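Undergrad: The following block contains the structure, expressed as structure tokens.
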Amino acid sequence: MIESVAAVTPSNRALVDGEVYVPGLPVEDVTQKYGVAPDDVAKLASAENPHGASPLALKAVAEAQSRLSLYPDWTAKTLRAAIGEKYGFDPEGVVCGSGETEVISMLIRAFAKPDEPVLMHSPCFPLYRIYSHCEGRRPVFSPMGKDFDPQVDHYIDVMRRVNPKIAFMTNPHNPSGRLMSESEVRRICEAANSDTLLALDEAYVHYSSAQFGMDLLREYDNLIVLRTFSKAFGLAGLRVGFGISNNPDIIRPLRLIKPTWNMGQMQIAGGIAGLNDDAHVARAVATIQEMRPYVTSGVDKVDGFRAVPGSEANFFLTEILNPELDSTRVFNELLKRGVIVKDGSDIPELGSRYLRVDVNLKKHMDRFLWALADIKA
Ligand SMILES: Cc1ncc(COP(=O)(O)O)c(C=O)c1O
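Residue numbering for the sequence shown follows the numbering used here, beginning at 76 and increasing consecutively.
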């Protein structure tokens with residue numbers, strides 16, 4: 076290695092030694108290390124679609140190859156128009172990102188100044204916190220209660236006390252899958268000051284029983300709804316997400332701050348086609364809704380484990396009741412048996428008593444249940 080003499084330093088400490096996001100492991104890690112055949116691996120740590128990518132999106136992406144020598148429209152105009160039409164909003168109220176996570180990072184940069192507070196539940200999707208730290212903004216936490224009750228009253232108390240510049244709400248919540256009701260989200264919206272940007276993250280909303288975020292947009296001018304194409308549309312590898320608001324003053328700064336051509340020809344074409352692939356979304360939703368009670372009741376029958384009740388997402392938390400086991404040990408034992416889950420220890424506020432497990436095809440659920448029962452303390 077060359078010894079560096081340069082004195083360049085990142086703008087804040089989190090960029091030197093801050094928390095790094097830990098994604099779910101790829102299938103190859105298990106096939107290579109433990110000799111499990113790729114088709115047998117149960118990949119249950121990234122909340123992907125059990126039926127793969129939307130076929131309509133795949134076709135559109137292939138066709139977009141003929142346009143790869145051309146710059147895309149820098150605002151992804153046609154994709155914004157399709158999103159606006161689908162949900163009944165002006166396309167000027169839509170901003171697209173290379174995944175929803177890009178929109179999250181843009182929001183934090185655009186709407187909170189250095190050291191200003193950004194509110195989120197604890198635990199939460201780690202990237203709210205990681206991006207806040209990396210941008211020098213100040214994450215503030217509202218703890219969840221027993222079995223990850225969102226404790227809306229407490230959230231509102233914290234919000235009143237710190238007056239955050241951005242308040243993230245995740246519905247359904249990651250990592251628990253718990254859902255806040257429409258009246259709970261409304262209470263938060265009513266309690267927020269008008270200078271707090273309310274960011275309602277509906278990444279997993281298709282799998283839940285309450286899809287009201289878009290309706291609230293017409294009532295609250297400081298609200299933005301965030302959505303992803305990575306889950307129900309099955310396009311995690313394409314990288315498409317968006318933010319939508321009824322207030323163009325929220326969207327305009329995001330358009331200016333985003334990397335100019337952040338959406339390529341394939342993302343735009345695949346996004347438009349995937350958005351309208353209702354059959355594919357319905358298939359994923361049906362599988363999740365059928366398998367969720369199947370796998371959670373299966374976990375409850377395994378000695379030493381319990382499914383945290385109430386998930387309305389395509390994953391749920393498994394609590395480790397056996398005091399002789401911890402999440403990293405169970406995670407590693409599952410890997411040996413061809414099952415990839417998320418180790419709760421990788422989500423700092425979750426700790427070592429939980430695993431996050433995706434709901435997926437029956438054969439993967441059966442492998443997970445078999446492997447869990449096979450682990451001895
Ligand atoms: C709550 C939540 N929001 C957003 C995302 C990211 O979505 P994308 O793949 O579009 O960046 C995830 C992904 O895991 C998530 O859990």
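Every residue, glycine too, gets a C-beta built ideally from N, C-alpha and C. Keep in mind that this is a model prediction, so the values were computed, not measured.
(1) Using three-state DSSP, classify V170 as helix, strand or coil.
(2) For F428, which residues of its own chain have a beta-carbon under 8 Å away from its beta-carbon, when the five flanking residues on both sides are left out?
(3) Identify the continuous alpha helix (DSSP H) that holds F443 and give its terminal residues.
(4) Have a look at E103, L100, K134 and A267 and flag the residue whose alpha-carbon is nearest the alpha-carbon of L310.
(5) Kindly indicate which three-state DSSP category I454 falls into: helix, strand or coil?
(6) Strictly by DSSP, which residues pair up with P147?
(7) Hey, quick one: how far does the alpha helix (DSSP H) through Y109 stretch, first residue to last?
(8) Could you tell me the distance, in whole angstroms, from the CA atom of I450 to the CA atom of Y369?
(9) Can you tell me which residues form a DSSP beta bridge with D421?
(10) For V95, is the classification buried or exposed, using 16 other Cβ atoms within 10 angstroms of its Cβ as the cut-off for buried?
(11) Would you list, in sequence order, the uninterrupted beta strand (DSSP E) runs of no fewer than 3 residues that lie entirely inside the segment 313–396?
(12) If I follow the unbroken alpha helix (DSSP H) through L133, where does it start and stop?
(13) Quick one: give me the first and last residue of the beta strand (DSSP E) that F216 is part of.
(14) Taking 7 Å as the line, does the beta carbon of A455 fall inside it for any heavy atom of ligand 1?
(15) Could you tell me the boundaries of the beta strand (DSSP E) in which L430 lies?
(16) Determine the direct distance from the alpha carbon of V91 to that of D375, and round the result to whole angstroms.
TA: With the structure as the only source:
(1) Residue 170 sits at position 95 when you count from the first residue of the sequence shown. Strand.
(2) In the sequence shown, residue 428 corresponds to position 353, counting from 1. According to the sequence displayed, residue 428 carries Arg and not Phe. Cβ neighbours of R428 beyond the five flanking positions: E394, I395, D401, S402 and G419.
(3) Here residue 443 refers to the residue found at position 368 of the sequence shown. That run of the alpha helix (DSSP H) goes K437 to D449.
(4) Locating residue 310 in the sequence shown gives position 235, where the first residue counts as 1. L310 has its Cα closest to that of K134, out of E103, L100, K134 and A267.
(5) As shown, the chain starts at 76 and ends at 452. That puts residue 454 outside it, with no answer to give.
(6) Position 72 of the sequence shown holds residue 147. Answer by DSSP bridge pairing: none, since P147 is not bridged.
(7) Translated into positions along the sequence shown, residue 109 becomes position 34. Segment V102 to Y109, the alpha helix (DSSP H) holding Y109.
(8) The count along the sequence shown starts at 1 and reaches residue 450 at position 375. The count along the sequence shown starts at 1 and reaches residue 369 at position 294. Computed Cα separation, rounded: 20 Å.
(9) Mapped onto the sequence shown, residue 421 falls at position 346. None, per the DSSP bridge assignment.
(10) Position 20 of the sequence shown holds residue 95. Exposed, since its Cβ has fewer than 16 Cβ neighbours within 10 Å.
(11) Runs of the beta strand (DSSP E) lying entirely within the segment 313–396, each at least 3 residues long, are 316–319, 380–382 and 390–395 in chain order.
(12) Counting from one through the sequence shown, the residue named residue 133 turns up at place 58. Segment P130 to E138, the alpha helix (DSSP H) holding L133.
(13) Position 141 of the sequence shown, counted from the start, is the residue given in the question as residue 216. Start and end: R213 to P218.
(14) Past the edges of the chain, shown from 76 to 452, lies residue 455, and the structure says nothing about it.
(15) Start at 1 with the first residue of the sequence shown, and residue 430 comes out as number 355. L430 -> beta strand (DSSP E) spans Y429 to D433.
(16) Taking the first residue of the sequence shown as 1, we reach residue 375 at position 300. Taking the first residue of the sequence shown as 1, we reach residue 91 at position 16. Using only the alpha carbons, I get a separation of about 42 Å.
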